[in-house]
Every structure is written in C-alpha cells, then in structure tokens.
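So the sequences go chain by chain: A and B. Each residue of the first sequence is one higher than the one before, counting from -16 in the numbering used here. Each residue of the second sequence is one higher than the one before, counting from 4 in the numbering used here. Glycine included, C-beta positions come from ideal geometry on N, C-alpha and C.
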Amino acid sequence: MKRFWIWILASLAILATLDALFGAASRWYVKNHVIPGDYRSLDYLLKESTDDVMVTGSSVALNSINTATLADSMGTAVYNAASNGQTLTYQLALLKSILKRHTPSTVMLGLYSADFVDRGAGARINLLAPYYGFGYQAIDSVLETAEPQNRWALKSNFYRLNTIWFRILLYNFVEPGVKGRNGFIAKDIPPIFPEKMKYDYRDLSTEGRPWEQLSEYIALCRSAGVKLIIFFPPVWFDPAVPLAESPVFDRLSRLAASSGVELWNDAEHPRFASDSTLFFNANHLNYRGADIYTSIILDRLRDMQTPDEQPTAL
Amino acid sequence: MLFNSLSFLVFFPIVVLVYWLLPVKARNPFLLLASYYFYMNWEPVYALLILFSSVTTWACALWISRLATIGGGKNRRWVIGLCIGINLLILGVFKYAGFINGSIRDLLQMLGISIDIPDFGLLLPVGISFYTFQAIGYTVDVYRGTIRAERSLPVYMLFVSFFPQLVAGPIERARNLLPQFGERHRFDGGACIHGIYMMLWGYFMKLCIADNVSTYVDAVYNNLEAHNGTSIALATFFFTFQIFCDFAGYSLIAIGTAKCVGFRLMTNFRKPYLSTSIRDFWHRWHISLTSWLTDYVYIPLGGSRCKRAKHYRNILSTFLISGLWHGANWTFVIWGGYHGLLMIGDNVAHRILPERVVSHRLTKMAGWAGTFILVMIGWVFFRANTVSDAFMALRKMATAPGTLYNGEGKPAILLPILLIGVLMAKEIYDEHRSSDITDLSGTPRALGHTVAKTVALSAMILLCASFFGGQFIYFQF
C-alpha cells in the first residue's frame, strides 16, 4: 500500500514539475522567437502587423489572393492572414486580438460553404494554443470554451501544446507549403485536374453558431471603423442551385446590405466556371487561378479607391 | 462506455476505490452492477441480450451437468446443441442478417431475379461476438467435463459481463476467470501499479498511434479512386499499426483495469509484428480468439491428427470462420481465407525445409520481413470497404506510384511514424529480455524506474495523443 502511494504521489509531482518547466520554456520561446510554419502568419499578425488591408479566412482565401501582387499594385500594405482549415471561431478570435494593437482600414473575409457548417465551438483551433495566457482575452476564452474539460485541462502545458510542439519543431526544418510574400501561399498545378464536386447549397443552415459569429464579426468591424468585404472565391463545384440562389446567400445579402458590408460572390465566376486548369482541387485555386482571381479583385479594389488613394505612376 | 472517454476516467477510479472498500461478499455484486452500468451506457436495451445469453448458457450448463450425473449422454448432446444454437442464432440475427440478406439479394440479381428482401436494419450490439464466444466456450467446457458448472447465476453473469473485457475481449476461458470470482482478493499495490502502467501503454497505443493515423487511413481508404499507389501503401502501413494499436491497446487497458481490482486476464497480444512466420504470427495475434478457435473449432474438426488434405481443410475452415467472426462482409471472409492459405503454405514450407535452414538467422530475418509484408497485404482486405476496393488498392500499390498525399500536413504523417518507431523499439527491447514489463521488487531503485517510466509515458500521451479519436475498431466485431 505504502509503495503504491509513493508511486502515485512521486509520479504526479514529477509530472507536474516537468509540465511547468515545459510550459516556461515554451512561453519563453513563443515570446522571443518568430514561430515557423503555419504559425508564422499568426505570429506576425499578433506581434508586428501594421498592414492596411488584411485578407482572412480559411485555405480557400489563403490560396486565392496573391497579396504581394495587391500590395505592389495598390501601393499599400496588404497581408494574407488566412489560415488552413480555420473556422469563423478562429477568425473572430484573431480579429479581436489584432484590433487590440492595430486597426486595418479594410478586412477581406473569404468564405465558402463549409464556413456555414457548425463544427462545434472548438473545431480546429489548436493553432491558437501557443498564445494561451499571453493576455489575448479572445484567444483564451475561445480555447477555454472549446471543450467542456478545457478550462482545467489547459492548465497542463503538455496538453495545451499537444502535437503542436512537434509541428513547431518540424517547421524549423521544413516549410508547410510554397510560401509567397505577404502571407500568400500558392497551390501547385495538380498532376490531374479535378472533377467538379456535386454540391447543394440549400443544405446549409441559415441559423446557428456560424451566423452568430458572422454577425459579431460584422459588428466588430463596424464599431472599429474597418471596411469589411466578404467574398466567395471561385470553386470547382457542380451546384444543385447556384450560390446566389441559395437561402444562405439570400440571408447573407440581407445581412450585408443592412450593415454596409461589401459582398462579392465569385463562387461561379464565369472566368473560372469552365476551366478546371485553374484549380488545385474542387475547393482551391492553383497559383495560375489565384493570379487571375487576384487581378479581378485588384480591379474591384481600384474601383473602390478614391482618386487620391490611388498610387501615382512613376 | 469507451475506455478513452472522460466518463471512464471518472468511472474507473470510483469502481476501484469502492471495490476495495466494500466487504468481500459485496464485491462481486458490485462488479456485476458496475459491468451492466458500463455496458448500458452505450445502448441500455441491449443489456437484455447479455442477460439472455448468460441465463441460457448458465441453465444449459447446469442441465448438462445434471444429465452427466444420471448418465443421459444423448440428451446432453441435445442440450449443448440447443445452447450453442440459441447463442449462434442471436449472433446470426444481430450480426449476419444484413450480410446474408445482401448476399442473397446480390446472387438473385446476378441471376436476373429481383425480390425485395426486407432489411431489418438492426443495430449491432457492441461486443456481441466476444461475450457469445465466451459463453459458448464455457458451456462446451462443462459438456467436456473440463470444468464444473457454476451454480451461482450472479457469479456466472459477472463472468460473461465482467466490464474490462466485455466489449472487446480478451475472450476469457471459464477455467481461468470463473475461479477468480471465488477468490478472496486483497489489495496489492504492486499489481495495481502494474495494472495502471499497462493501461497507460494501452492508452499510448490507442491515442497516440491508432487515433493519430486513422485520419490518413480513412481519407485514403474511403476514397481509393482519388489516390495513387504510394499514398495507399502508406495508408496500408498506417492501418497495419492502427489495427494493432487499437486492439492491443484495448486489451492492455482491459487487462490493466482487471488487475486493479485483483483479476488476471489472459495475454491477448505478444509482439505480433516481430513474428518470423505466419504460424508464429497467429501465436502472437489475438491469442484469446486463436486459442478459442483452436479448441472449439479446429480440434473438433480433426486438427492435425488426420490425413494431410483433411488437415489443410481444417486450417482453411477455421480461418474462414475467424474471418467471418470479424465482420459480416466478404472482405473479412477473404481475409480469413487468405490467412488460411498462408498458414497452409507455412505448414508446407516447414515440412519441406530442413530444420537447420528454418532456424538459421538469415531465414528468420527474411521470415520476419516476409511475414510483415504478407500480413500487411492481408490488412488491405480487412480495411477496404468492398472486395473490389481491396483489389483496386492492391493493383494501385503495384502499378500506380505517385506523389504522396499530404493529408493533414507533414507533421501529421511524421509524428505517427516516430511513435511507431518508439513502439517497435519497445517491442524489440521486451522481446530480448525475459522479465516482466515493470520490476515490482519493491526496492527504491525499482520504484524509481517505475515512476520514471510512468512519468515518461504520461507526458508522451499528453504531448502526442489525439484526443478527438473515435471508437475502438474491434467494438464492431
């Protein structure tokens, strides 16, 4: 019996000590280094960014807009802050955290069908975990409410950085993708061009968590004086009805109109509607498609700029 | 209730604590209640099936036992037949009805006959194959006279429903487990430490390896058309470890849990991927099922003490039954048949090759590599959703290499490979030493080692586990 209790208490004490040491080391690292890989964008946004225009969203936005081209052409600082697989939960926490330090003039939020599927409060948000406890209230609250047990489980640094430590370690040696400038990541030309994916936008709900988060996102931009553009990049879908005729888009249009948000629906843009060579897969443009789409976006942004905002020719 | 659920993390310490605090007489009833609660957490109504299976086999065994004392030999045969029939009928209805219906429908369609056969759409009761086989094994043992019939119904119900091994084994033998319910257990700190340590290894295998590779395996195997041979080969390699870590992990947690309440369950896996032949593999993989099938199917069929052709027929039949036991799908039947043929091939090779060649170091190394590859090929049938999918996977692996599918990114591929390396290093280390996993001699040095290993394992689980993984694969069998 005595041996059993010694074993339990000694194991727990040593585990807790190691956990605390690991936590201290990781905090020192996050505070004093640029975290590589997937985290580089996030690290930059939280610690340094002063960009005028910020593109955000999931990989659909990340791979669609070449922000380097936009920045060069518009003569303003543009950054692609989108991140693979992230949902509106992440976008909202990110915007709240950024606004504490810096207010961009324009935010371009790229959406696609999956953003309207409620995948739970904590779906795929572990990207934020290294920044837990750094004073970003939005990040802390998102992580704590993601899972019922998280509030106490996050006290463990081992748990908090579960698998993340390996990603960070590995990204010191390899890059997660073909990295462009200003946060943009290009998708390759695939060896086989994709088949159109059958999709029914009518299956998407017009209620629930994603809508609440989107409304909060819009309100946040409005109160901070940020111009918000919501856009749907081209996708290689075979929809039962076009996005523009779906209940989701109808609700979004009304929401945008009532709150002064610019809404661009390019999901079935004619330039992309019949050319599979511009896609990496059904959801993502390849770098050739991204270049074309960026030029379309650029024209629209130029049209929106007042004459004195437009860069003068050398 | 899943071993990898939060509710089990609450359930387990409460059960262990209450069990040891209760007076000896109250412990078995408490375990019985806990076991039914454990099972009813999943689908309460299906607890009635276990109850029915328990009561029928208990009653039949007593009947057989009574008939034996009055010399009713012929009637005993009827009773055992009835008992096995009832249990197999339950298994057949709940597990195989859909499969039989579908197969008949397909056959008739091939003959151009279209008949609407109703599909009952029954939910497969978790662990039904395990407890049914355990109960049948007990009745046959009573019939053979190798054990005495258990007179107490609650004790027998506990034998069938004992929560650690209820839903995914090990399929315990009555002669091992039943007498333990009559023992007066005393708390043994060393055994409890050993039990928890085994559970931690089980969790490491399940959460860190099986659940981490499952995303990649599912992504590839559920969409084989879209993937090339290289990605399918990696997915197959991953599945090879997913199935092992999932099932052996469960078994370790089960054995460890039982140990904490003073029970000894049989070893179910003994480093199967270090096997140097197919025969060796089946002595190490799912030992409780293999030995069950040997005792209750293979030997009654005639075993090896018969003509060679009949011996091979017995091997093949046993493996086909093993395949069908695993699942109601032709992919499992083919998997069983494939292993049956490999086993026959192994027998032939052992007969032809001289002993000095078989036991040579180089032969053993080649045997290890060959066995691993052959077993991996077998898993293609086990994992594929349909037979045509399995053949497509094999064809693509042989003829269509290409760029590796990245899945959830490079870290999600490399981390499991690293952890598989850790697991195999431990397996090799354990294989080459004879002592038990933990040294429980009680010296400060031994205790220090145990603490260090426990801390390392716990930290590894917290750092590498996938906490969003799903069920244990073997629950569906």
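Closer than 6 Å: is that where the CB of residue i sits relative to any heavy atom of the ligand MN?
i, result
"Phe5(A)", "Looking at this structure, you won't find the ligand MN or any other ligand, since it has none at all."
Any Cβ of chain B within less than 7 Å of the Cβ of residue i?
i, result
"Phe306(A)", "Since the first residue of chain A shown is -16 and the last is 297, residue 306(A) is not available in this structure."
"Phe(-13)(A)", "yes"
"Ile18(A)", "no"
"Ile172(A)", "no"
"Arg23(A)", "no"
"Phe312(A)", "This structure cannot settle anything about residue 312(A), because the visible part of chain A is limited to -16 through 297."
"Asn266(A)", "no"
"Met(-16)(A)", "yes"
"Leu45(A)", "no"
"Ala(-7)(A)", "yes"
"Asn133(A)", "no"
"Val13(A)", "no"
"Val100(A)", "no"
"Asn145(A)", "yes"
"Ile(-3)(A)", "yes"
"Trp219(A)", "no"
"Trp247(A)", "no"
"Ala296(A)", "Only weak support is given to the placement of Ala296(A): the predicted model assigns it a pLDDT of 46, under 50, and the question is left unresolved by the model."
Could you spell out the range, first to last residue, of the beta strand (DSSP E) harbouring residue i?
i, result
"Lys181(A)", "180 to 182"
"Ile213(A)", "210 to 215"
"Met57(A)", "No beta strand (DSSP E) holds Met57(A); the alpha helix (DSSP H) holding it covers 50 to 57."
"Glu245(A)", "245 to 248"
So what's residue i in DSSP terms, helix, strand or just coil?
i, result
"Tyr154(A)", "helix"
"Glu411(B)", "coil"
"Tyr62(A)", "strand"
"Met269(B)", "coil"
"Phe5(A)", "helix"
"Gly272(A)", "helix"
"Ala(-4)(A)", "helix"
"Leu92(A)", "strand"
"Thr39(A)", "strand"
"Ala169(A)", "strand"
"Phe117(A)", "coil"
"Lys262(A)", "What sits at residue 262(A) in the sequence shown is Phe, not Lys. Strand at Phe262(A)."
"Glu430(B)", "helix"
"Ala164(A)", "According to the sequence displayed, residue 164(A) carries Arg and not Ala. Here Arg164(A) sits in coil by DSSP."
"Phe165(B)", "coil"
"Ser278(A)", "helix"
"Asp21(A)", "coil"
"Leu297(A)", "With a pLDDT of 44 at Leu297(A), under the threshold of 50, the modelled position of this residue cannot be trusted; read the value that follows with caution. In the structure shown, Leu297(A) sits in coil (DSSP, three-state: anything other than H, G, I, E or B)."
"His85(A)", "coil"
"Lys(-15)(A)", "helix"
Looking at the secondary structure, which residues open and close the alpha helix (DSSP H) in which residue i lies?
i, result
"Pro32(B)", "27 to 43"
"Asp221(A)", "Segment 220 to 222 is the beta strand (DSSP E) holding Asp221(A); no alpha helix (DSSP H) there."
"Thr135(B)", "131 to 147"
"Val3(B)", "Summary: the structure shown does not reach residue 3(B), with chain B confined to residues 4 through 480, and so no result is reported for it."
"Phe14(B)", "9 to 24"
"Ser80(A)", "71 to 82"
"His197(B)", "192 to 206"
"Asp214(B)", "214 to 224"
"Met4(B)", "No alpha helix (DSSP H) holds Met4(B); DSSP gives it neither H nor E."
"Cys211(B)", "Careful: Cys211(B) lies outside any alpha helix (DSSP H) and carries neither H nor E."
"Leu235(A)", "230 to 242"
"Lys2(B)", "Limits of chain B in this structure are 4 at one end and 480 at the other, which puts residue 2(B) out of reach."
Could you confirm whether any beta carbon from chain A is found closer than 7 Å to the beta carbon of residue i?
i, result
"Thr374(B)", "no"
"Pro414(B)", "yes"
"Leu466(B)", "yes"
"Ala222(B)", "no"
"Ser461(B)", "yes"
"Leu418(B)", "yes"
"Val454(B)", "yes"
"Val21(B)", "no"
"Ser294(B)", "no"
Quick one: which unbroken alpha helix (DSSP H) runs of 4-plus residues sit fully inside the segment 338 to 402 of chain B? Chain order, please. Residue ranges of uninterrupted alpha helix (DSSP H) with 4 or more members, entirely inside the segment 338 to 402 of chain B and ordered along the chain, are 358 to 361, 364 to 386, 390 to 402.
Got a sec: which bits of the segment 184 to 197 of chain B sit with their beta carbon under 8 Å from any beta carbon on chain A, in order along the chain? Phe190, Gly192, Gly193, Cys195, Ile196
Segments of 4+ residues assigned as alpha helix (DSSP H) that fall wholly inside the segment 228 to 313 of chain B: 232 to 263, 281 to 287, 290 to 296
Short of 7 Å Cβ to Cβ, which residues in the segment 49 to 75 of chain A face chain B? Cβ contacts with chain B: none found.
With 8 Å as the limit, tell me which residues of the segment 244 to 267 of chain B have their beta carbon closer than that to any beta carbon of chain A; keep them in chain order. Cβ contacts with chain A come from no residue of the segment 244 to 267 of chain B.
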